[in-house]
Every structure is written in C-alpha cells, then in structure tokens.
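Take a look at the structure set out below.
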Amino acid sequence: NASPMVALIVGALVAAITQSFIAIAIMAVSLVGTGALGAPQAMMVIYGANFGVGFFRRLMTASMTGEAKQLFIYQNFFRYLGTGGSVLLFYAVPVHGKPVMLYLAELVTADVGTQLALIFLACNLPAVLIGSLFDERLLKLLVKLSPPTIEDELSRLKYLATASADDPAVAIGQLEAELAARVGKLPDYIESLRDEKPTQATPEILQESGQRIGTEMSSFAHELMSQRLTVEERGHLSLVVNELTLVRMLEDSLYDAACLVRDGLGESREAFGGRAWVILEALHSQLVTLGEAIDSGDVECLERITTDKGRVLDEFRRTCLESATTTPPAAQETFSKLISHFEYVVWTIHRLANLLRRVRAYHSGRTGA
C-alpha cells in the first residue's frame, strides 16, 4: 500500500486528467475490494480527486472574467476548504490508530463503498455549512476578485430576476417593464460607434447581452402561457410576445448596421462617414422616441414619425448617387445597405407602434381599439 500522501497526489493528478470524480471514486472502491488499496489510502485518493478537479478547472478558467469566473471561484473555495480540513483531520485526529472520519464511517456501516461515500460528504458538507455563515462577505470578496464585466451588467434582468408566473397579471406587467428596459438600450448600438463612447460596449457585446435577456424573457413568457390565463390575459401576453419578436428583429438589424459602418467604410470613412452619421443620428432619434413612447404610452407620436419616411429615404438615396463618382464602390455599397437598414428599422418600429396601441387598450380595460 502506498503512503496516504502519495495517494492524495495520485488522486489529484488522475482527477485533473479525467475530470471525473465519480470514476475515481469507483476505482478507489474497487481497489479497496481487491486489497490493492487500504481504506486510509482510498480516503486520500478521494480527497486528492476533490482537490484535483477544482485545481484543473481553475487552470481552465484562467482567462474567464466577471460573474462566470465568480462561480468557479465560489465552487473551488468550498472544495479547497473541505479538502484542507479533511487532510488536517486525517493526520491530526486519529482514533484507535485510524483516521477519525474512517472510524466514524465504520460505526455507521460495514460496506466500504458506503463508507467512502460518507467520507466524501463529510469532506464537503461542513465546508459548505461553514461558508454559508460568511456568505455575504464571501460574495463581496468574489466581486473584488472578479468584478462583473460590462456584459454581465448589460445581461442582468431588472424586473424578471425575482418574477413569478403564479400571478399572471403581475407577471405580464413585469415582462412589459423588462421589455421597456431592453428597448431603452437600443440607442447604445449607435452610441457604440461614436469616437467618444459613453460606455465600453461594442456591437458584439450589446448583441450578446440582448440575446441572453431575450432568451430569458421568452422562457418566462412561455412559462406564463402554460398557466391558467383568462382570455384577456392570454391576448395581452400574445401581444407582448409579438413585441419581443419585433425587438429581437430590431436588435439584429441594428447590430448589422453598426458593424457595417464600423467595418465597411474603410479608407472612405473620413469623406463618407459624415453622410453615414446623418442616417445613424436619424436611427438614434427613432430609437429614443420608441423608448419614450413605451414609457409614456404616446403611441401617436411614434406612429407619426414612422408613418411616411419616403422623402427622407429618397434624400438618402440621392446623396448616395451624387457621391458615386467620388467614393469607392465598396463604400457606396455600405451606404446603400445602411439606407436599407434604416428603412427596415423604421418599418419595424411602426409595427411596434401598432402593437403598443393594442396593448394600451388592455391597460385601459378594453379588448379592442
């Protein structure tokens, strides 16, 4: 039989390679059953495996940041605390020539597999219980060790984080509030292109965070749909789900437009960028008005500014044609695509305005309008 410390190291190395604690536990029980490994050595293999899994994951997540890294640090804290305490007990508190945890496990059962399972629980459970006493301080420490990234901040739900589908009327209201908060971030796609950016958000970050929130909102809406809703509540929820779809379409188009301007103008940015910004500022104005209309309920204003943009689009296209002799074809194509995105965004906002009018009817106690 190898020394306990060698067994600890072997368990850690094998766990780091296999990333399977269960496989190592089964192996340890089998080796004890054949007499190739003593129970104390099997204990140390399990302790080593517990440490090895955590250590290897720490290496794998070295490049991670924000809340995702916080989770791994949190998990590994308990692994290391439990393993360290168990190894200390192994050497410091023998009972009748046996490690104290093995002695106690043998009092409970004669089955080796069950003994090792109890030892594993004893390795982790006390650490979790002790850590829970300092949970608030630990969470503050995690924030210092791995501060939330801008993706984490933008992906955080404001109204649905504690929402429950048990009260459909309240839940639908929370879903609408979350939708309004999401719409309020749409102008950030334009802001991300400015030379002096108010935030560090890139179009990619904005799209990813929007997709995360959108997925959670859709899941919550589908959960609501499975509840026992009244006819009015189901109709109201259906309209909100349609709004979610349109907002997702807006996000996709704005992401494409932002990337188009950022990457597509090339050497013509200085000469052609000003004209592109005329369209971007028009888009920004439309998006700000959309957010204000959702907050205030002024659907008429939103319908007014999106009803007829024919003259504006004609002016944009005329500008594009007039610059055909002075700008490269690639920049011309970029500008033309940007005009198409503007037209699509305006059309989508107009559809949203129609939905908002119908949603307002539910809030005012009517089922039509």
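Each step along the sequence shown adds one to the number in our numbering, with nothing skipped, and position 321 is 308. Glycine included, C-beta positions come from ideal geometry on N, C-alpha and C.
Rounded to whole angstroms, what's the CA-CA distance from residue i to residue j? Just pull it up for me.
| i | j | result |
| --- | --- | --- |
| phenylalanine 43 | glutamine 57 | 16 Å |
| glutamine 214 | glutamine 161 | 16 Å |
| threonine 321 | leucine 247 | 7 Å |
| leucine 112 | aspartate 154 | 36 Å |
| glutamate 362 | alanine -1 | The chain is shown only over -12 to 356; residue 362 falls outside these bounds and no answer can be derived. |
| valine 1 | glutamate 178 | 50 Å |
| arginine 143 | alanine 168 | 11 Å |
| leucine 126 | glycine 118 | 11 Å |
| glutamate 93 | asparagine 37 | 21 Å |
| serine 7 | histidine 209 | 35 Å |
| alanine 258 | threonine 276 | Caution is warranted here: a pLDDT of 49 is assigned to alanine 258, below 50, making its placement in the model unreliable, and no coordinate value can be reported. |
Among the options, which one has its Cα closest to the Cα of residue i?
| i | options | result |
| --- | --- | --- |
| aspartate 98 | Ile281, Val19 and Val275 | Val19 |
| isoleucine 281 | Ala340, Ile117, Glu330 and Trp264 | Ala340 |
| arginine 199 | Ala164, Asp139, His223 and Tyr242 | Asp139 |
| glutamate 220 | Gly171, Lys127 and Glu163 | Glu163 |
| leucine 105 | Ala26, Leu126, Phe65 and Glu178 | Ala26 |
| histidine 337 | Val265, Leu224, Arg291 and Leu94 | Arg291 |
| methionine 236 | Thr335, His271, Ile177 and Ala188 | Thr335 |
| methionine 51 | Leu103, Tyr34, Gly35 and Leu132 | Leu132 |
| leucine 68 | Leu343, Ala152 and Leu116 | Leu116 |
| leucine 75 | Leu(-5), Thr149, Gly39 and Pro135 | Leu(-5) |
| leucine 231 | Leu166, Leu241 and Ile60 | Leu166 |
| valine 218 | Ala79, Ala156 and Leu24 | Ala156 |
Rounded to the nearest angstrom, how far is the Cβ of residue i from that of residue j, given a contact under 8 Å?
| i | j | result |
| --- | --- | --- |
| proline 190 | alanine 245 | 4 Å |
| phenylalanine 65 | alanine 114 | 5 Å |
| valine -3 | glycine 41 | Not a contact, Cβ separation roughly 16 Å. |
| isoleucine 60 | leucine 129 | 6 Å |
| leucine 224 | isoleucine 326 | Rounded, the Cβ-Cβ distance is 36 Å, inconsistent with contact. |
| valine 346 | valine 234 | Valine 346 to valine 234, Cβ: 13 Å. No contact. |
For the ligand FAD, I want to know if residue i counts as a neighbour, meaning its beta carbon is within less than 7 Å of at least one of the ligand's heavy atoms.
| i | result |
| --- | --- |
| phenylalanine 329 | The model depicted lacks the ligand FAD and carries no ligand whatsoever. |
Taking 7 Å as the limit between beta carbons, can you name the residues of its chain near residue i, skipping five residues before and five after?
| i | result |
| --- | --- |
| aspartate 243 | His328 |
| leucine 267 | Ile177, Leu180 and Val248 |
| alanine 3 | Gly39, Phe42 and Phe43 |
By Cβ distance, which residues of its chain are closer than 8 Å to residue i, with the 5 residues on each side in sequence left out?
| i | result |
| --- | --- |
| serine 83 | The question names serine, but residue 83 in the sequence shown is histidine. So the qualifying residues of the chain are Tyr90. |
| glutamine 273 | Ile292, Thr293, Val332, Val333 and Ile336 |
Within the same chain, show all residues whose beta-carbon is closer than 6 Å to that of residue i, passing over the 5 residues directly before and after it, in chain order.
| i | result |
| --- | --- |
| valine -7 | none |
| aspartate 122 | none |
Cβ contact (3+ pairs, closer than 8 Å) linking the stretch 26 to 37 and the stretch 87 to 98: Contact check between the stretch 26 to 37 and the stretch 87 to 98: three or more CB pairs, one atom from each, fall below 8 Å, which counts as touching.
Contact between the stretch 4 to 14 and the stretch 52 to 70 is defined here as three or more beta-carbon pairs at a separation below 8 Å; is this criterion met? no
Are at least three pairs of beta-carbons, each pair with one atom in the stretch 197 to 212 and one in the stretch 168 to 175, less than 8 Å apart? With a cut-off of 8 Å on Cβ pairs, the stretch 197 to 212 is in contact with the stretch 168 to 175, counting three or more such pairs.
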